[in-house]
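In our numbering, the protein residues as written are 345 to 828.
We treat Cβ as the ideally placed atom computed from N, Cα and C, and that holds for glycine.
The block underneath contains the structure these notes are about, expressed in structure tokens.
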């Protein structure tokens, strides 16, 4: 999943606006948004009023029925005694239900908010990595040897009302293919203090060979522009046969020269530049012959760009040397070169998914505890607080270390605290089984690739435990009544 996300993110050229990245997961509430917070408060108020109205209505109904049976004393005593007990049990169960709802509903909104925050953090991290390898770059284009030749052409025109065919000549720009290229570039990486992004400092040295294979052309232009995307260019120098060529106009990187038919000459190009954080060589559709490019990256980790596999790769731990060799008439469509290899971002989206399912896991665990041993209100409240606190710790600890390892450490604390729910050793052992089957394994199952298998094992363990608890010899787990 993460490889697909990074593969799509590498196509990003500009950083997306903050409004796009801050939207979070669509349809998931976020209590950091004032509008959603007000809506949540309004729904809680309406739900609370409805619950209170139903309880009062039931009490009023019992009172009215008791009043109607006042002339029948025996029936009234039986009815009032039976319904008073049921109403008392209903109020007692309603207290537990209310407490669970108080823990579950705010816990859901807390987890959804954390899920949105974590999702935004993951997307910002992916965007940062994508910008570091697919943003600005130093791109060196292959030099061009340009010449102008006369070309005959024919056109029709009208002279004195008659159509006349005219033969004429015009100037046409052509290009001569390089006979050989020997390039060496040294790359050093530094940190841009303002943007905290990697930038490259390069030392470029190249020798290009030109052979005049034409019969009637002797005037040429050697055009070798500096790399695109540089922030600093220094010591730019072009030499022909050890003689430095001077620029005629500022910003004009075309150098005129004469070369007789059948003769050859060589040009040396050197400069130092800063930019990046990537360096590539663009063949611009030309055929490369007797071509050799050696890129020495004095940093780690470095990798070759654009999928053009180097002919040779050497590394000594401190630097990596990439060498591309093309002997005869090779066309390279994509720019190729070196970039800083970043650590792939794996397992994205796992923590947000876990946080969205956390209330269901809490309900699973607390129901398993209710079916296993008596629970009072205080223990339910403490257990709920511990559960959501553990998830909160997992959310932020997983940014620093591996999420399964973080949950393993947190689950030890959860098991140690859950031991106190039991009134004796046997009850505490039952709590441990419930916590492992209802909380530790389900959360761990959502963090590992085999989620379905792990959740199935957790569900099977819960079913086995309840069967053993109620059908065999685990009937008495407490020494005193702790139901409320």
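Exercise. With distances taken from CA atoms, which of 586, 555, 597 and 609 is nearest residue 571?
Worked result: Locating residue 571 in the chain shown gives position 227, counting from the first residue. Selected option, being the one with the closest Cα: 597.
Exercise. Can you tell me where the alpha helix (DSSP H) with residue 775 in it begins and where it stops?
Worked result: The sequence position of residue 775 within the chain shown is 431, counting from 1. Run containing residue 775: 769 to 779, per the alpha helix (DSSP H) assignment.
Exercise. In whole angstroms, what is the alpha-carbon distance linking residue 651 and residue 465?
Worked result: Against the chain shown, residue 651 aligns to sequence position 307. Against the chain shown, residue 465 aligns to sequence position 121. Going from the Cα of residue 651 to the Cα of residue 465 covers about 30 Å.
Exercise. Of the choices 530, 503 and 737, whose alpha-carbon is the least far from that of residue 638?
Worked result: Translated into the one-based positions of the chain shown, residue 638 becomes position 294. Closest option to residue 638, Cα to Cα, is 530.
Exercise. From residue 528 to residue 548, what distance separates their C-alpha atoms?
Worked result: In the chain shown, counting from the first residue as 1, residue 528 sits at position 184. In the chain shown, counting from the first residue as 1, residue 548 sits at position 204. Answer to the nearest angstrom: the Cα atoms are 6 Å apart.
For this session: State the CB to CB distance for the pair residue 676 and residue 627, rounded to an integer number of angstroms; the pair is presumed to be in contact (CB under 8 Å).
Result: Translated into the one-based positions of the chain shown, residue 676 becomes position 332. Translated into the one-based positions of the chain shown, residue 627 becomes position 283. So it is a contact: roughly 5 Å between Cβ atoms.
Problem set entry | residue 599 versus residue 584 - alpha carbon distance | Walking along the chain shown from the start, residue 599 turns up at place 255. Walking along the chain shown from the start, residue 584 turns up at place 240. Residue 599 and residue 584 have their C-alpha atoms roughly 10 Å apart.
Problem set entry | Nearest-angstrom beta carbon gap, residue 620 and residue 482 [assumed within contact, 8 Å] | For the purposes of this step, residue 482 is taken as residue 138 along the chain shown, with counting starting at 1. For the purposes of this step, residue 620 is taken as residue 276 along the chain shown, with counting starting at 1. With 8 Å as the limit, residue 482 and residue 620 qualify as a contact, their Cβ atoms being about 6 Å apart.
Problem set entry | alpha helix (DSSP H) runs contained entirely in the stretch 687 to 721, provided each spans 4 or more residues | 694 to 716
Problem set entry | Residues bridged to residue 530 [DSSP beta-bridge criterion] | Here residue 530 refers to the residue found at position 186 of the chain shown. Bridge partners of residue 530: 547 and 640.
Exercise. Terminal residues of the continuous beta strand (DSSP E) containing residue 600?
Worked result: Within the chain shown, numbered from 1, the residue matching residue 600 stands at position 256. Per DSSP, residue 600 belongs to the beta strand (DSSP E) from 598 to 602.
Problem set entry | Spatial distance of residue 458 from residue 640 (CA atoms) | Counting from one through the chain shown, the residue named residue 458 turns up at place 114. Counting from one through the chain shown, the residue named residue 640 turns up at place 296. Each residue's alpha carbon lies about 44 Å from the other.
Problem set entry | Collapsed DSSP secondary structure at residue 305 in the structure displayed | The chain is shown only over 345 to 828; residue 305 falls outside these bounds and no answer can be derived.
For this session: Please say whether residue 763 and residue 787 have beta carbons closer to each other than 7 Å?
Result: Here residue 787 refers to the residue found at position 443 when the chain shown is read from its first residue. Here residue 763 refers to the residue found at position 419 when the chain shown is read from its first residue. Not a contact, by the Cβ cut-off of 7 Å.
Exercise. If you drop the 5 nearest sequence neighbours on each side, which residues of the same chain put their C-beta closer than 6 Å to that of residue 578?
Worked result: Indexing the chain shown from 1 puts residue 578 at position 234. These residues qualify, in order along the chain: 616.
Exercise. Considering only residues of the same chain and omitting the five flanking positions on each side of residue 635, which have a CB-CB separation below 6 Å?
Worked result: As a first step, residue 635 must be located in the chain shown, where it is residue number 291. Closer than 6 Å at the Cβ level, and outside the excluded window around residue 635, lie 525 and 670.
For this session: Decide if residue 665 is buried, meaning its Cβ has at least 16 other Cβ atoms within 10 Å, or exposed.
Result: Reading the chain shown from its first residue, position 321 is the one you call residue 665. Under this definition residue 665 is a buried residue.
Problem set entry | Local conformation of residue 464 per DSSP, three classes | The sequence position of residue 464 within the chain shown is 120, counting from 1. Of the three classes helix, strand and coil, the one that applies to residue 464 here is helix, per DSSP.
Problem set entry | Whole-angstrom distance between residue 801 and residue 794, CA atom to CA atom | As a first step, residue 794 is located in the chain shown; it is residue number 450 there, counting from the start. As a first step, residue 801 is located in the chain shown; it is residue number 457 there, counting from the start. Going from the Cα of residue 794 to the Cα of residue 801 covers about 11 Å.
For this session: Identify, in the order they occur along the chain, each residue of the same chain with its Cβ nearer than 6 Å to the Cβ of residue 522, setting aside the five sequence neighbours on each side.
Result: Counted from its first residue, the chain shown places residue 522 at position 178. For residue 522, where only same-chain residues beyond five positions count, the Cβ hits under 6 Å are 552.
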